[in-house]
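Notes for the one structure printed next.
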Amino acid sequence: MRSLFFPVVVSLLTFSNVQHASASCLAEAADFAQRICGEVKTRGSSSLVSANGELTAEAKGLIKQFLGSAGGTLQGQTEITAYENVLREQLAGELVNVRQCGIQMAKAAMDQVCIKAPTYKTCQNPAFGIKGWANQMTVQGTSGWRGGGYNQGAFCSEFTNGVIASRGLGNQPHLVDDVRSREESRRTGFMNSVAEYNYHCSITLHWSPVYNDKADPVCGSE
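When you line the sequence shown up against mature numbering (1 follows the signal peptide of the UniProt record, and there is no 0), it's residues -21 to -1, 1 to 201, in that order.
What follows is the structure in structure tokens.
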């Protein structure tokens, strides 16, 4: 049978927190709160609070007693100070408001035990960045002898674009590095009056990205 405080405990949670709080834990928190606050109401503040407003050994023992008889989820996983603070606050007035005591006590248990940060799975995703490439190759090309009006950089750009296009990587993640170029020259024609150049380019092309691993909400919860 669920505690009368169970609906109240659930109402204190946001929807996202409900997803990560088990029903059994919430039920244990509600039951613990109802029982201890009912007992506090019965005993009254005279035996539970000292003259200077501090909790007596009896009050602290009461908390430990009810935690000890609570469900396994609450046992050994909470800081008793949180419950002591609630009890001290509730006993400050002349009368103990059982409902308010129960709400605050249940919330203390719920915040410490029931609501835990979700554990996310680890996966690879483009949003995490690239850590490497699955494929790579070094490609070399030459322009062949041609007249002036050209240069090494222009040929390398043309050559690189051609290599990328031939492999259908234009719209796919890829990386070009280790670009090297050089040129040869010669004189031909009548009285060697014509200058010709042969451009060479070498590039390393990387594709098929390997993305970084990360535990993240996009990967789903454990």
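Backbone N, C-alpha and C fix where the C-beta goes; we use that ideal spot for every residue, glycine too.
Just grab the DSSP bridge partners of residue i for me.
i: E175; result: R165
i: A194; result: T101
i: P188; result: W112
i: V155; result: L184
i: S160; result: C180
Thinking residue i and residue j are a contact (beta carbons under 8 Å), I'd like their distance in whole angstroms, please.
i: C80; j: V19; result: 6 Å
i: A8; j: M89; result: 5 Å
i: A85; j: A38; result: That pair is no contact at about 18 Å.
i: C4; j: V92; result: 6 Å
i: H153; j: W186; result: 4 Å
i: S122; j: N177; result: 6 Å
Use the C-beta contact count for residue i: other C-beta atoms within 10 angstroms, 16 or more gives buried, fewer gives exposed.
i: P196; result: exposed
i: P188; result: buried
i: S200; result: exposed
i: V173; result: exposed
i: I59; result: exposed
If you draw a straight line from the alpha carbon of residue i to that of residue j, how long is it in whole angstroms?
i: W112; j: E175; result: 39 Å
i: Q83; j: G40; result: 19 Å
i: E68; j: I109; result: 53 Å
i: G120; j: S160; result: 10 Å
i: D156; j: A194; result: 30 Å
i: A71; j: G32; result: 7 Å
i: A30; j: L66; result: 15 Å
i: E162; j: G147; result: 28 Å
i: K43; j: K100; result: 36 Å
i: Y190; j: N114; result: 13 Å
i: G17; j: Y62; result: 15 Å
i: Q103; j: D192; result: 5 Å
i: S181; j: G128; result: 21 Å
i: N130; j: V158; result: 15 Å
i: S25; j: A6; result: 30 Å
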